[in-house]
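The next block holds one structure in the form of structure tokens; read it before the comments.
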Amino acid sequence: VSAALLADMCVAHVQDRIVQKYKAGQGEVVLFTHALGAALSLLLCAASGHLEAGVRVSVERPEVAGAALLFAVTAYAGAGQLVKLSRLGPLSAHATSTVRKAGAVGLSFA
92 VSAALLADMC VAHVQDRIVQ KYKAGQGEVV LFTHALGAAL SLLLCAASGH LEAGVRVSVE
152 RPEVAGAALL FAVTAYAGAG QLVKLSRLGP LSAHATSTVR KAGAVGLSFA
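In the numbering used here, the protein residues as written are 92 to 201.
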């Protein structure tokens, strides 16, 4: 969990730097960040041998694929809202994000 929070902090910092340096739109940066994360996840799943089993489960149980799609869409929408929140200041955005993630971790163990 700590590593995930640290990685999230680093990603947010890199996103801010890209927006400032290249004048990229926040939506564009969030989209490419999520696309890179998805590609990296696919590569890691393939390298570890879990990709085939994951695809098989998704085909056998379409609700799993639907839940994954819903998760991806809500994560992207949440990132968009976080971008809007970051206009109030980086401290507010990161504090909100950290509390949200801690709550999600807590709910996953409930």
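Cβ atoms here follow ideal geometry from the backbone N, Cα and C, with glycine treated the same way.
Could you give the DSSP three-state label for residue i: helix, strand or coil?
| i | result |
| --- | --- |
| K114 | coil |
| H141 | coil |
| G128 | helix |
| L179 | coil |
| R147 | helix |
Buried or exposed: residue i, going by 16 or more other Cβ atoms within 10 Å of its Cβ?
| i | result |
| --- | --- |
| V121 | buried |
| K170 | According to the sequence provided, residue 170 is Ala. The question's Lys does not apply to it. The residue is buried, with at least 16 neighbouring Cβ atoms inside 10 Å. |
| Q106 | buried |
Write down the C-beta distance between residue i and residue j rounded to the nearest angstrom, noting that I regard them as a contact closer than 8 Å.
| i | j | result |
| --- | --- | --- |
| S149 | A138 | In fact, because the Cβ distance is near 19 Å, the residues do not count as touching under 8 Å. |
| S188 | D99 | 7 Å |
| H185 | A103 | 7 Å |
| Q111 | V174 | No, Q111 and V174 are not in contact; Cβ-Cβ is about 14 Å, not under 8 Å. |
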